[in-house]
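Colleague: Chains as they are written, first to last, in the working numbering: chain A, 1 to 112; chain B, 1001 to 1112.
Right, I'll just put the structure down here and ask away after.
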Amino acid sequence: SQTIHQWPATLVQPVGSPLSLECTVEGTSNPNLYWYRQAAGRGLQLLFYSVGIGQISSEVPQNLSASRPQDRQFILSSKKLLLSDSGFYLCAWSLTPSTGQFFGPGTRLTVL
Amino acid sequence: QQQVKQSPQSLIVQKGGISIINCAYENTAFDYFPWYQQFPGKGPALLIAIRPDVSEKKEGRFTISFNKSAKQFSLHIMDSQPGDSATYFCAASISWDYKLSFGAGTTVTVRA
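Here's what the structure looks like:
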């Protein structure tokens, strides 16, 4: 069966510091991978998605970036965090566009 | 521009009652409609999904009703239990598009 991992689970970072969140998927090959952000009590905002190694599509222009160095690894980064980057970051995977996306446990990021 | 509109924002139901969440969409190209359940601090979990070639799908106490002509679909939670207290998101996608359009979410509280 497929499993999706995210780490760290929680993170507290100062404004202006760098960020690296990691997501890995087990039990499948060539998944589509997604990064979402969820503000407190709000809906899901798609940040990036990837259909293959090195292929990244950006949905929201901001100071975040994503990379996919391996088939089942997806990384979310920032060079300098802003207060507005605080939120719950979720990674998800899917096999085809027409099937559901499956979410990881999330990373709670607090920028102080 | 929100492509999927979800209502109500929140609802309270007594144990054993029926919870009903409604979603409406505009894009007639949508052909996949999943529902997600999210508990506090956790990632959303795919609950049930429907395609427009059927008008209803039932899995246990959860039922999706789909009205293609009205461009609406709804989630019914029968015999609601305190363990069903969560936030529910509807979503929609097109089979060739990698992205899901999410509703804003409905927080369901089941009182014992």
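From the three backbone atoms N, C-alpha and C, an ideal C-beta is built for every residue, glycine too.
Computed from a predicted structure; not experimentally measured.
1) Please classify R1051/B: is it buried, with 16 or more other beta-carbons within 10 angstroms of its beta-carbon, or exposed?
2) Which bits of chain B does F102/A rub up against, with CB to CB less than 7 angstroms?
3) Can you give the Cα-Cα distance for L90/A and A66/A, rounded to whole angstroms?
4) Who are the Cβ neighbours of A9/A in its own chain at under 8 angstroms, not counting the five residues just before and after it?
5) Are the beta-carbon atoms belonging to V1110/B and K1042/B less than 7 angstroms from one another?
6) At 7 angstroms on the CB atoms, spell out the chain A contacts of G1060/B, in chain order.
7) Taking its Cβ as the centre, do 16 or more other Cβ atoms sit within 10 Å of N32/A, making it buried, or is it exposed?
8) Our contact map puts V15/A next to Y1098/B with C-beta atoms below 8 angstroms; I'd like the distance itself, whole angstroms only.
9) Give the single residue among P97/A, G87/A, G27/A whose Cα lies nearest to the Cα of P1034/B.
10) Let me confirm a value: F103/A is counted as buried when at least 16 other C-beta atoms fall within 10 Å, else exposed. Which label applies?
11) At 8 angstroms on the CB atoms, spell out the chain A contacts of F1102/B, in chain order.
12) For Q70/A, does the count of other Cβ atoms within 10 angstroms reach 16, so buried, or fall short, so exposed?
13) Note down, in chain order, every chain B residue with its Cβ under 8 angstroms from the Cβ of G106/A.
14) First and last residue of the beta strand (DSSP E) that includes N119/A?
15) Taking the alpha-carbon positions, what's the V60/A to N1022/B distance?
16) Return the first residue and the last residue of the beta strand (DSSP E) that Y1036/B is part of.
17) I want to verify the contact list: residues of chain B whose CB lies under 9 angstroms from the CB of L90/A, in sequence order.
18) Would G1103/B and Q1009/B be called neighbours here (beta carbons separated by less than 7 angstroms)?
19) Spatial neighbours of R72/A within its chain, please: CB distance less than 6 angstroms, with the 5 preceding and 5 following residues excluded, ordered by chain position.
Modeller: A quick look at the data gives this:
1) exposed
2) L1046
3) 13 angstroms
4) P105, G106, T107, R108
5) no
6) Chain A residues near G1060/B: none, gap ~17 angstroms exceeds 7 angstroms.
7) buried
8) At roughly 33 angstroms, the Cβ-Cβ gap does not stay under 8 angstroms, so V15/A and Y1098/B are not in contact.
9) P97/A
10) buried
11) G43, L44
12) exposed
13) G1041, K1042, G1043
14) Residue 119/A lies beyond the range of chain A shown here (1 to 112); nothing can be said about it.
15) Taking the straight line joining both Cα atoms gives about 27 angstroms.
16) For Y1036/B, the enclosing beta strand (DSSP E) covers residues 1033 to 1038.
17) G1043, P1044
18) no
19) T24, V25
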